[in-house]
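Here is the structure we will look at, set down as structure tokens.
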Ligand code: 5GP
Ligand code: ZN
């Protein structure tokens, strides 16, 4: 999608601190980190949100899920990490290109 911020990052049209990329996904540092490590993992193809997934995306999504552990280890998160996917305005989604937040580092609070 031509006016999508994360599509532009994936295409290299807008700069980002990219930590991993391949033909299916791109991973970069969040511009306003909410934890010591805060990465965003996106599919290269434009999918707006979890609400827009189709059966044809199953392999891609499973691949991205499997990659998260490897990305966390590469970022030094040896003891664990947190993932968040905000979906829709009601879920706090601001950028409408599906992304997985990968957070970690010291003092991540648990849910009370
Ligand atoms: P959402 O609320 O949609 O789940 O999260 C969007 C995330 O994108 C936020 O954490 C925000 O800091 C991040 N973000 C917004 N604009 C940019 C940008 O231009 N570059 C990068 N690297 N991250 C961005
Ligand atoms: Zn997009």
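Residue numbers (the working numbering): 990 to 1101. Note that CB positions come from ideal geometry on N, CA and C, so glycine has one too.
At the level of alpha carbons, what is the spacing between residue i and residue j?
i            : j            : result
residue 1005 : residue 1015 : 10 Å
residue 1056 : residue 1068 : 16 Å
residue 1013 : residue 1082 : 22 Å
residue 1070 : residue 1062 : 9 Å
residue 992  : residue 998  : 11 Å
residue 1026 : residue 1059 : 14 Å
residue 1043 : residue 1009 : 25 Å
Measuring CB to CB, does residue i end up less than 9 Å from residue j?
i            : j            : result
residue 1099 : residue 1066 : no
residue 1076 : residue 1019 : no
residue 1086 : residue 1035 : yes
residue 1092 : residue 1072 : yes
residue 1097 : residue 1024 : yes
Quick one: what's got a C-beta closer than 7 Å to residue i's C-beta in the same chain, skipping five residues either side?
i            : result
residue 1088 : 995, 1029, 1030, 1031
residue 1084 : 994, 995
If we require 4 or more residues per run, which alpha helix (DSSP H) segments fall completely within the region 1039 to 1088? Given a length threshold of 4 residues, each whole run of the alpha helix (DSSP H) inside the region 1039 to 1088 is given here in chain order: 1047 to 1063.
Where are the beta strand (DSSP E) runs, 3 residues long or more, that stay fully inside the region 1006 to 1041, in chain order? 1007 to 1010, 1014 to 1018, 1026 to 1032
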